Every structure is written in structure tokens, then in C-alpha cells.
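Final position of the sequence shown in the working numbering is 1098; the numbers increase by one with none missing.
Built from N, CA and C at the ideal position, the CB exists for glycine as well.
Bear in mind the structure is a predicted one, so any value in this text is a computation, not a measurement.
Remarks on the structure that follows.
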Amino acid sequence: MSSIAKTLLLYKTLPGDNPRYDMELLLCELLECQPAYLRTWPETELTVEQLETLHEWLARRIDGEPVAHLIGRQAFWTLDLLVSPDTLIPRQDTEVLVERALALSLPIGTHVLDLGTGTGAIALSLATEKPDWKVFGCDFKASVVELAQKNADKYQLSKVEFFQSDWFEKAAGHTFDLIVSNPPYIAPKDKHLYEGDLCFEANSALVAEDKGLADIRHIVSRAPAYLNDSGWLVLEHGYDQAEAVKRLLIENGFSAVEGCQDLGGNDRISLGQYIR
Ligand SMILES: C[S@@+](CC[C@H](N)C(=O)[O-])C[C@H]1O[C@@H](n2cnc3c(N)ncnc32)[C@H](O)[C@@H]1O
């Protein structure tokens, strides 16, 4: 037997930037409680079964596995999203993209397309904030589309539609007021791929050819055909890609091109408007 207070101290064995927070997440998952419970009832004893599960999780965490994969979910925006190793664990920095998209001047009943939707993080956040918008999200992996749909069902967001598509392939004949995407943008063999959570996430969610720009280049060049007049394209990209992405936007006829910074102060979002 071991108490919550004693078990919490095991955070000192964990890797990562915020091991104490990770330990709290694991304990809350195990005890099906809120963080406040850990502080209010520190003397609560864990059962033998709970301790066994916890030690298994700790061993996997020490091997580098992300906490989100251990508990199967991740907080994003106002949502608690199911995750899977088939796609990216949603990052807090992507909330900046959501914020920027929500700040645009867009018509009532805006139609949105989220390319490479993953867990549905961006699509579902937009749908939560704008109940009159019609939000579509696509991903090329069937398992990922299923995951996004499960997240939509969890929040009963019936105006969101997910479909399987290689970028715009299955969107032919449709146009949107807003296209958003956090596509793969890490160069093959980039050293970050061998560090931290990225080692456990699908390469298909992370890596793009052409120094990480291949998918962004594809999306920017095709987007005008899928945007309504004065529609916007908002993209997340790598910290060192802002200049290249802005150049691509301008070369492909976008105006009002600008960028914004992520929570760490890096230029990680670029956007432009397409006026016919
Ligand atoms: C960086 S992840 C972003 C996931 C999610 N939008 C987010 O921000 O958390 C990129 C996503 O693009 C998807 N993807 C990669 N190539 C694709 C393609 N050719 N067509 C559609 N989706 C693709 C991956 O499966 C992955 O889910």
C-alpha cells in the first residue's frame, strides 16, 4: 500500500519538462479524480491493482512514452480529446492557430476545411466556438478519421463532418470560406524526430519532404481552387519556415499575408486571404 502523497513523489523519477504535472495526470486517471482531490486527500491509499497499473505506466513513461498515450487522451482548447499513436498528440501551440482563425472576419454560416485533422483538435475547437459554422475535417488515414469522429461524438458536435482524403482529393467540387491546416512539416531525419514525444508519434503526422515544406507547398498551391472569394488559408509550420511559407502564399496569389507567434514567441502561424 502507498498513499497519494507518497506516490506523488515518484514524479522525481520521470523525464520531461513537467514531471510533477505528468504524475498528477497519471494519478487522476488512475483514481478517476480531479487534481484538487490529490491535494485534499493526500493520505488516501492506492489499492494493489492501482499501484500495479501505475508502476507499469511509470516504466513506460521512463522509456519516453508520452503521458497522453498512456492515458489515451489530451486536453486541447476546452476539449479533452482521445488520442492514438496513429496521429499527432494535439499541442498547446496549435491553440494559437484556432485563436487566429476565430479572430478573422468571416460570414455567418462559414464553411471550414481542416486538412490533416488528426484527433480533430482544430476542427472541433472551431465547431465548439462557432455553432453556426459548418466544419469539415479530413485525414488520409482511416483510423485517424475514426478517431476524430469519436471525439466529435463525445461532444455531440453534429455539424462537423470528417472524411478520408489525401489533402483536397475528396473535396473536389466544394469551396470553403476558411481552410486551416497543421500539416506535417518536419524535414526527414531532422534531429527533433529522435527526441521526446516525437519518437512515439506517427511519422506520417510529422515528416514532409523538401525540407519539411512539401505538404505546405501542395496545400498552398491547391487552396485557391477551394476557397470562396475573400476566403482565408491559415497554416501552422516550423519555427524556421515562416519566410518560406509567406513567400509561397504570395507566389500563389494570396494577399494580406501575415504571421503570428506561438506561445514560445516563434513565428509558427502564417495566413493569407484569396481575393478573386
Ligand atoms: C501535424 S498532424 C496535425 C493533426 C491535427 N490537425 C493537430 O493539429 O493536432 C498532421 C496530420 O496530417 C495528416 N496527413 C498527413 N498526410 C496527409 C495527406 N496526404 N492527406 C491528408 N492528411 C494527411 C496526418 O495523418 C496527421 O493527422
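Below 6 Å, is the gap between the Cβ of residue i and the nearest heavy atom of ligand 1?
i                 : result
leucine 910       : yes
aspartate 1062    : no
proline 888       : no
phenylalanine 962 : yes
serine 1043       : no
valine 1002       : no
serine 947        : no
aspartate 1032    : no
proline 1006      : yes
tryptophan 989    : yes
serine 1026       : yes
alanine 1036      : no
valine 1056       : no
alanine 943       : yes
threonine 916     : yes
glycine 940       : yes
valine 966        : yes
If you compare alpha carbons, which of the options is closest to residue i?
i                  : options                               : result
valine 1002        : Phe898, Leu868 and His933             : His933
alanine 1047       : Leu1000, Gly1034 and Ala1078          : Leu1000
isoleucine 1041    : Ser927, Ala858, Glu846 and Pro1005    : Pro1005
aspartate 1084     : Val920, Asp1012, Gln971 and Ser825    : Val920
glycine 1086       : Thr916, Ala1009, Arg1069 and Pro1010  : Thr916
leucine 1028       : Leu876, Ala925, Leu926 and Leu910     : Leu910
leucine 880        : Thr862, Asp988, Glu846 and Phe990     : Glu846
cysteine 850       : Gly838, Ala1045, Lys834 and Ala827    : Ala827
leucine 979        : Trp863, Ala994, Ser824 and Ser947     : Ser947
arginine 1039      : Val1067, Leu1055 and Leu903           : Val1067
glycine 1034       : Ile893, Ala1064 and Lys956            : Ala1064
asparagine 1074    : Arg1098, Asp1062 and Glu1058          : Arg1098
lysine 972         : Leu901, Arg882 and Gly1053            : Leu901
aspartate 1062     : Ile1072, Glu1080, Ile1091 and Trp1054 : Ile1091
alanine 1024       : Gly938, Ala993, Trp1054 and Leu830    : Gly938
glycine 1018       : Phe990, Pro837, Leu830 and Val870     : Pro837
arginine 913       : Glu871, Leu1020 and Gly1081           : Leu1020
proline 888        : Ser1077, Val870 and Leu848            : Leu848
valine 957         : Tyr977, Ala943, Gly886 and Glu983     : Glu983
phenylalanine 1076 : Arg1044, Ala858, His1059 and Asp1089  : Arg1044
lysine 952         : Leu926, Leu1057, Lys976 and Asp975    : Leu926
valine 1056        : Val918, Leu903, Gln896 and Gly886     : Val918
aspartate 839      : His877, Pro857, Ala858 and Ile884     : Ile884
Return the Cβ separation of residue i and residue j in integer angstroms, given the expectation that the two are a contact with Cβ distance under 8 Å.
i                 : j                 : result
leucine 1049      : tyrosine 1096     : 5 Å
glutamine 986     : phenylalanine 962 : 7 Å
phenylalanine 998 : leucine 935       : 5 Å
alanine 1009      : lysine 981        : Going by Cβ atoms, the distance from alanine 1009 to lysine 981 rounds to 37 Å, so no, they are not a contact pair.
aspartate 1012    : valine 966        : About 22 Å separates the two Cβ atoms, so there is no contact after all.
threonine 941     : leucine 969       : 6 Å
glycine 959       : alanine 945       : 4 Å
leucine 860       : leucine 830       : 7 Å
threonine 875     : leucine 852       : 6 Å
leucine 903       : alanine 964       : The Cβ separation is near 18 Å, so there is no contact.
leucine 868       : serine 824        : 6 Å
valine 870        : alanine 890       : Not a contact, Cβ separation roughly 26 Å.
Taking 6 Å as the line, does the beta carbon of residue i fall inside it for any heavy atom of ligand 3?
i            : result
proline 1010 : With respect to ligand 3, the structure shown offers nothing to examine, as its ligands consist of ligand 1.
Counting only runs that start and end within the stretch 1007 to 1061, where is the alpha helix (DSSP H) found for 4 or more residues in a row? 1025 to 1028 and 1036 to 1044
For the stretch 925 to 999, list the beta strand (DSSP E) runs that are entirely contained and at least 3 residues long, ordered along the chain. 933 to 937, 956 to 961 and 982 to 986
Which ranges would you report for the beta strand (DSSP E) in the stretch 874 to 930 if only whole runs of at least 3 residues count? 895 to 898 and 901 to 904
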